[in-house]
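Just below is one structure, and these are the notes that go with it.
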Amino acid sequence: MTLTGHCLCKATTYSVDVDAPLLTGYDHCDDCQRQSGSTYSLVTVVPKDKLTVNGPLKKWEGKGSSGNSVWRWFCGDCGSPIAHDPDAAPEIIAIKAGTLDTEIKKNLKPDTEIWTVSKLPFCQETLAHPFKHMPE
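Residues 5 to 140 (our numbering) make up the sequence shown, in order.
Right, dumping it as structure tokens:
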């Protein structure tokens, strides 16, 4: 299975050559809330070496709770968030699942919640695998 997606203006596209994502879940961290402009960010975590990106990609460096950098990837034209890339876990990358092609994202089955310590109190949905921070 190849995961494919694009930004809002379609200038930045990507593909991930994997059988399945490592996990799909809700990321409740404050930074993801701010980047998404919503209560959480739906992410699909994949091996970074399987990701290919084409188009005007920009990156912004923030700091994670580990003190290491977390790189926020976004389209250089429309600003759509594409992924976040934590230096603390260099082998993985979290694709912003809302940017996946429509038929792919319709079939996602979120199974994990991370950073529930930052979960907003009115978000009642809880999945089978909640983690207060990043899973170990």
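Every residue gets a Cβ at the ideal spot worked out from N, C-alpha and C, and that includes glycine.
Here's a check: name, in chain order, each residue in its chain whose Cβ is nearer than 6 Å to the Cβ of Thr56, leaving out the five neighbours to either side. In its chain, beyond the 5 residues on either side, Ser19 have a beta carbon closer than 6 Å to the beta carbon of Thr56.
Going by DSSP, which residues form a beta bridge with Arg76? For Arg76, which the question treats as bridged, DSSP gives the partners Trp64, His88.
Reduced DSSP category for Ser42 - H, G, I as helix; E, B as strand; rest coil: Correct three-state label for Ser42: coil.
Would you mind sorting Ser70 into buried or exposed? The rule is 16 or more other CB atoms within 10 Å of its CB. With fewer than 16 Cβ atoms within 10 Å of its Cβ, Ser70 is classed as exposed.
Could you tell me the boundaries of the alpha helix (DSSP H) in which Glu107 lies? For Glu107, the enclosing alpha helix (DSSP H) has its first and last residue at 106-109.
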